[in-house]
Amino acid sequence: QVDAVRVYVNSSSENLQYPILFVVRQQKGVLSWQVPLIFRGLYQRTYNYQEVSRTLCPSEPTPETRPSDQIIFVDVASMAPFNIAYELLVTRLENFQLETNKAFNFTASPSQPQYFLYKFPQDVDSVIINVVSDAAYPCSVVSVQDIVCPVYDLDHNVEFNGVYQSMTKQAAITVQRKDFPGEQFFVVFVIKPEDYACGGSVPSSIHGNVNRTWNLQRTKNLQVTIVPSIKKSVYVQAMFFSFLSFLSFYLGSVVVAFVHYIRVQRKASAGRLSPEHGSGMMTSSHPISASTPEGSSYGAIDESSSSGGHQLSSPERRPPAGSDTDSSVEEESDFDTMPEIDSDKNIIRTKVFLYLSDLSRKDRRIVSKKYKIYFWNIITIAVFYALPVIQLVITYQTVVNVTGNQDICYYNFLCAHPLGVLSAFNNILSNVGHMMLGFLFLLIVLRRDILHRRAMEMKDIYTLDYGIPKHFGLFYAMGIALMMEGVLSACYHVCPNYSNFQFDTSFMYMIAGLCMLKLYQTRHPDINASAYSAYASFAVVISLAVLGVVFGKNDMWFWVIFSMIHVLASLALSTQIYYMGRFKIDGPDSDLGIFRRAVMVLYTDCIQQCSRPMYMDRMVLLIVGNVVNWSFAIFGLLYRPRDFASYILGIFICNLLLYLAFYIIMKLRSSEKLLPIPMFCIVATAVVWAAALYFFFQTLSSWEETPAESREKNRPCILLGFFDDHDVWHFLSAAALFFSFLVLLTLDDDLDTVRRDKIPVF
1 QVDAVRVYVN
11 SSSENLQYPI
21 LFVVRQQKGV
31 LSWQVPLIFR
41 GLYQRTYNYQ
51 EVSRTLCPSE
61 PTPETRPSDQ
71 IIFVDVASMA
81 PFNIAYELLV
91 TRLENFQLET
101 NKAFNFTASP
111 SQPQYFLYKF
121 PQDVDSVIIN
131 VVSDAAYPCS
141 VVSVQDIVCP
151 VYDLDHNVEF
161 NGVYQSMTKQ
171 AAITVQRKDF
181 PGEQFFVVFV
191 IKPEDYACGG
201 SVPSSIHGNV
211 NRTWNLQRTK
221 NLQVTIVPSI
231 KKSVYVQAMF
241 FSFLSFLSFY
251 LGSVVVAFVH
261 YIRVQRKASA
271 GRLSPEHGSG
281 MMTSSHPISA
291 STPEGSSYGA
301 IDESSSSGGH
311 QLSSPERRPP
321 AGSDTDSSVE
331 EESDFDTMPE
341 IDSDKNIIRT
351 KVFLYLSDLS
361 RKDRRIVSKK
371 YKIYFWNIIT
381 IAVFYALPVI
391 QLVITYQTVV
401 NVTGNQDICY
411 YNFLCAHPLG
421 VLSAFNNILS
431 NVGHMMLGFL
441 FLLIVLRRDI
451 LHRRAMEMKD
461 IYTLDYGIPK
471 HFGLFYAMGI
481 ALMMEGVLSA
491 CYHVCPNYSN
501 FQFDTSFMYM
511 IAGLCMLKLY
521 QTRHPDINAS
531 AYSAYASFAV
541 VISLAVLGVV
551 FGKNDMWFWV
561 IFSMIHVLAS
571 LALSTQIYYM
581 GRFKIDGPDS
591 DLGIFRRAVM
601 VLYTDCIQQC
611 SRPMYMDRMV
621 LLIVGNVVNW
631 SFAIFGLLYR
641 PRDFASYILG
651 IFICNLLLYL
661 AFYIIMKLRS
671 SEKLLPIPMF
681 CIVATAVVWA
691 AALYFFFQTL
701 SSWEETPAES
711 REKNRPCILL
721 GFFDDHDVWH
731 FLSAAALFFS
741 FLVLLTLDDD
751 LDTVRRDKIP
761 VF
C-alpha cells in the first residue's frame with residue numbers, strides 16, 4: 001500500500017502584487033505554487049483562488065528510511081512589505097491507491113486537483129477507467145500519467161504528459177499494461193476554470209472582475225471505477241464471428257447455385273425446358289435455336305407486333321458470334337447509335353404505351369461497353385480516393401498515440417478495444433462484411449455474365465430477343481462500391497471526427513445513385529445516363545455535403561440556395577423522365593421567342609397534362625416523388641438539421657425506396673410475377689434494413705458536439721463483449737445492402753422467357 005501526502009494552504013489576502021510563494025522540496029522533485037493561485041481562460045480572463053490543495057508525488061522507500069516515512073521541506077515566502085496571514089495543513093491520504101472493480105468518490109476543483117495510483121493485478125493486461133459525475137459542469141479533464149514526478153495536475157500543464165480526455169458527465173480511458181513498464185500509473189483529475197472546452201458558455205469579452213475569488217464555486221463530485229478490459233481470447237472470438245458470419249453467405253450462395261443447376265439439368269434431360277417452363281435464374285439453360293437468322297436485330301420485333309407502330313428503318317446487323325469484346329464498334333461514343341433519325345426517336349419514345357423493344361434498339365455491344373465504363377471509372381475513383389484517405393487516417397492515429405489527446409477522435413470509449421496502434425479495432429473489424437459481401441456480389445454477377453456470354457456465343461434466341469437486356473456494368477460498379485464503403489468506413493472509424501466524416505458517406509451516395517440508375521436502366525437500356533455525367537453528379541452531391549457541414553449549421557443563405565437547387569433539380573429530372581429524354585424547348589432564335597415557347601410548353605404539358613396526363617403511371621410517380629423531395633427541401637429550410645450528411649443520404653434513400661416500390665407495384669400490375677428468390681430477397685431486405693436502422697439510430701457519439709458532450713452518449717458493448725450498437729449496424733447494413741443488390745439482380749428473372757415486345761416500360 002502506497003501512502004501519499006496532501007498539502008492544503010489558505011490565505012485571506014487578495015493582493016495579486018504580493019502573493020505568497022510555497023515551495024515543497026521532496027526526495028526527487030520540487031513543487032511550487034502561489035496564493036492567490038491565478039488561472040487564465042479565454043480572452044485572457046483571470047480567475048483567482050485563495051485556497052489551494054495539492055497532492056505530493058509519493059516517494060519510494062529507501063534503505064535509510066522506513067516504508068511509511070516521507071521527508072519533505074515546505075518553504076513559505078512573500079515579498080510583501082507587510083505581514084500576510086496564511087494557513088498550512090499537511091495530511092496523509094488514506095485512500096490514495098485505487099482498487100479494481102471498486103468505486104471511489106471524491107471532490108475536486110481547479111485549485112484542488114486530485115490524482116490517485118493504480119497498480120495492475122497479476123492476471124490483468126488491460127483496464128478501463130470509468131469516471132462519472134451527476135453534473136455536466138464544471139468542465140473537467142481526466143489524465144493517465146506514468147509514475148514520474150512532478151505530476152502535471154493543473155489546467156495549464158495537464159496535457160503535457162500521458163493520455164487525457166475532457167469530461168462533462170462521463171469519461172472512459174482504456175489503459176494497457178504494456179504501455180507502462182512499471183505496471184502502475186497515476187489517474188489525474190483536473191477541473192478547468194472555464195467550460196467552453198466542454199461545450200459550455202463562452203466568455204463574451206475580456207472584461208470582468210479580475211480580482212474575483214472563486215474558491216469553492218467550481219467544485220465537482222466525481223466517481224472513478226477501474227474495471228478489467230476484455231482478454232485476448234475475446235479478440236479471437238470476435239474475429240472468428242465476423243468472418244464466419246459472412247462466409248455463411250458464400251456457403252448459401254453456393255447451395256442456391258447448385259440447387260438451380262440440378263433443377264435445370266433435370267429439366268433439360270427430361271426435354272421439358274421450353275419458353276413456357278424455362279428457368280429465370282440460368283440464362284444459359286435455354287435450348288440453342290438454329291433458326292435464328294444471322295442478321296437478326298438486337299431487340300428487333302415483328303412487323304405485326306402488338307407493341308404498335310411500323311418498323312421505322314431496316315434492322316441492325318449483328319456481328320458474328322465471338323466478336324463481343326474485340327470489335328472497334330465497342331468504343332465509347334457520345335453519338336447515338338440508333339439508325340433512325342432523331343424524329344423517329346421522338347415518335348417511338350413518346351408513344352402512350354411503350355414496350356421494352358422500343359427502348360432496346362441500340363447495338364448491344366456499344367450499350368454494354370457504355371455500362372462497363374461505370375465499372376472502370378469507379379475503380380479509378382476508388383484508388384485515387386482511398387490512397388490519400390488511408391494516409392490521412394494513419395496520420396490521425398499517429399497524432400493521437402503521440403500526443404495522448406483523446407479528444408481528437410470521437411470513439412465510443414466504453415467499447416473501444418485497441419489492437420496494435422489502432423485505438424478502436426472493433427469499429428474497423430465490423431466493416432469486414434461490406435468487403436466480403438461486395439466481393440461475393442461481384443462473383444454472383446460474374447457468374448451470370450459468363451452464362452450470358454455463353455448463351456450469346458451459341459446464338460440462343462431467348463437471350464437475344466427475350467427478357468431484360470443483360471448489361472452487367474452497373475452491377476459490377478455496385479459491387480465495387482459496396483467493397484469501398486467497407487474500406488472507407490473502416491478508415492473513417494480509425495479516427496472519426498469532423499474533418500473526415502465524408503469518408504464514411506461518399507460511397508453511400510454512390511451506392512444509392514447507382515441503384516437508382518440500375519433500376520431505371522432495366523427497362524430503359526437505351527436512354528440511361530452516361531458514366532461520366534453520373535459520377536459528375538455524385539461529385540456535386542459530395543461537394544454539397546461538405547459545404548452543408550461547414551456552412552449548414554448557422555447560415556440561412558446556404559439552406560435557401562440548397563433548397564432551390566434541390567427543387568429545380570427535381571423538376572428537371574422529372575421532366576426528362578416523363579418525356580423519356582425527348583423534352584426540348586425549341587423556338588425562334590430570339591429570346592422572346594424562346595420565352596413564348598416556354599410558356600406554351602408550360603401550359604400544354606403541365607396545366608393540360610396534369611388534368612389528363614398522357615403517361616398516367618409516370619405522372620403519379622413523379623408527383624409523389626416531387627412531393628417527397630419538396631418536403632425534404634422545406635424541412636431543411638425550416639429546421640436546418642445539424643447532420644447535413646445524413647440529411648442528404650436520407651433524400652437519396654427515400655427516392656430509391658420510392659422508385660423501387662413503384663417498380664414492384666407496376667410489375668405486379670402488369671401481371672408479371674415474383675420468383676421465390678427475389679421474393680425472399682425482398683423480405684430479407686426489409687427485415688434486415690429495419691433491424692439495421694434501429695441500431696443506426698442508437699447514437700453512441702457525435703462529432704457535431706464537443707468531445708466531452710459526445711462521450712455522454714457512450715454505451716458499453718452489446719455483442720460478445722466486443723461490439724457496440726454501431727458495429728451491429730455495420731454488420732446488418734452490409735447484409736441489407738447485399739440483399740438489396742440481389743433484389744435488383746433477380747427482380748426480373750421471370751421475364752427471361754417473355755418477348756421484349758410484350759414487356760411494358762414504366
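In this text, residue positions in the sequence shown follow full-length UniProt numbering: the first is 1, and each later residue adds one.
Note that CB positions come from ideal geometry on N, CA and C, so glycine has one too.
Bear in mind the structure is a predicted one, so any value in this text is a computation, not a measurement.
Practice prompt. Verify whether the separation of the beta carbon atoms of Pro-525 and His-471 is less than 8 Å.
Written response: yes
Worksheet item: Do you know whose CA, among Arg-640, Ser-543, Met-484, Gln-521, lies nearest Lys-553's CA?
Response: Arg-640
Fill in: Assigned secondary structure, Val-754 (DSSP; H/G/I helix, E/B strand, else coil)
coil
Practice prompt. Could you give the DSSP three-state label for Glu-51: helix, strand or coil?
Written response: strand
Item to complete: Determine the extent of the beta strand (DSSP E) in which Asn-629 is found, giving its start and end residues.
Response: Per DSSP, Asn-629 belongs to no beta strand (DSSP E); it is in the alpha helix (DSSP H), 616-639.
Practice prompt. Could you check the C-alpha separation between Lys-28 and Gln-50 for me, to the nearest Å?
Written response: 27 Å
Worksheet entry | Extent of the continuous beta strand (DSSP E) to which residue 763 belongs | This structure cannot speak to residue 763, because the chain is shown only from 1 to 762.
Item to complete: Compare the beta carbon distance of residue 765 and Arg-523 with 8 Å and say whether it is the shorter of the two.
Response: Summary: the structure shown does not reach residue 765, with the chain confined to residues 1 through 762, and so no result is reported for it.
Worksheet entry | Extent of the continuous alpha helix (DSSP H) run through Lys-553 | Note, Lys-553: premise wrong, no alpha helix (DSSP H); not H, not E.
Fill in: Span of the beta strand (DSSP E), counted from its first residue to its last, around Phe-39
37-40
Item to complete: Answer with buried or exposed for Arg-25, where buried requires no fewer than 16 other C-beta atoms within 10 angstroms of its C-beta.
Response: exposed
Fill in: Exposure of Gly-182, with buried meaning 16 or more beta-carbon neighbours within 10 Å
exposed
Practice prompt. Note down, in chain order, each residue of its chain lying with its Cβ closer than 8 Å to the Cβ of Phe-249, except the 5 sequence neighbours on either side.
Written response: Met-436, Leu-437, Leu-440, Ala-735, Phe-738
Fill in: Run of the beta strand (DSSP E) containing Leu-451, from where it starts to where it stops
Run containing Leu-451: none in the beta strand (DSSP E); it sits in the alpha helix (DSSP H), 432-457.
Practice prompt. Give the secondary structure of Pro-707 by DSSP, where H, G and I count as helix, E and B as strand, and everything else as coil.
Written response: helix
Practice prompt. Measure the C-alpha to C-alpha separation of Ser-242 and Ser-253 and round it to an integer number of angstroms.
Written response: 18 Å
Worksheet item: Between residue 763 and the rest of its own chain, which residues show a CB-CB distance below 8 Å, the 5 nearest in sequence each way excluded?
Response: The displayed coordinates of the chain run from 1 to 762. Any statement about residue 763 would go beyond what the structure contains.
Practice prompt. Please classify Ser-140: does DSSP put it in a helix, a strand, or coil?
Written response: strand
Practice prompt. Put Leu-21 into one of helix, strand or coil per three-state DSSP.
Written response: strand
Item to complete: Please list, in chain order, all residues of the same chain as Ser-323 whose beta carbon is under 7 Å from its beta carbon, the five residues on each side excluded.
Response: Bear in mind that a pLDDT of 42 at Ser-323, under 50, signals an unreliable position, so the model cannot answer this.
Worksheet item: Between Leu-751 and Glu-672, is the Cβ-Cβ spacing less than 8 Å?
Response: yes
Worksheet item: When you compare only the Cα positions, how much space is there between Ile-394 and Val-494?
Response: 8 Å
Worksheet item: Taking just the CA atoms, how far does Arg-266 sit from Cys-717?
Response: 50 Å
Practice prompt. Would you identify the three-state DSSP class for Ala-572, choosing helix, strand or coil?
Written response: helix
Worksheet item: The beta strand (DSSP E) with Pro-388 in it runs from where to where?
Response: Pro-388 -> not in any beta strand (DSSP E); alpha helix (DSSP H) instead, spanning 364-403.
Worksheet entry | Straight-line Cα distance separating Val-754 from Ser-314 | Confidence is the limiting factor: at Ser-314 the pLDDT is only 37, short of 50, which leaves the residue's position unreliable, though a coordinate-based value still follows. Roughly 24 Å between the two C-alpha positions.
Item to complete: Thinking Val-52 and Trp-33 are a contact (beta carbons under 8 Å), I'd like their distance in whole angstroms, please.
Response: 6 Å
Fill in: As assigned by DSSP and simplified to three states, the class of Arg-45
coil
Practice prompt. For the alpha helix (DSSP H) containing Asn-655, list its first residue and its last residue.
Written response: 644-669
Discussion item. Out of Asn-405, Lys-518, Ile-511, which one is the CA nearest neighbour of Ala-539?
Written reply: Ile-511
Practice prompt. Along the alpha helix (DSSP H) that carries Ala-481, what are the first and last residues, could you check?
Written response: 473-494
Discussion item. In this structure, how does DSSP classify Pro-676 when only helix, strand and coil are distinguished?
Written reply: helix
Worksheet item: With distances taken between CB atoms, is the gap from Ile-20 to Ser-78 smaller than 8 Å?
Response: yes
Discussion item. Quick check on the DSSP output: the beta strand (DSSP E) that includes Phe-116 runs from which residue to which?
Written reply: 114-119
Discussion item. Strictly by DSSP, which residues pair up with Asp-11?
Written reply: Looking at the sequence shown, residue 11 is not Asp but Ser. Answer by DSSP bridge pairing, in chain order: Tyr-86.
Worksheet item: Thinking C-beta only, is Asn-626 closer than 8 Å to Ser-563?
Response: no
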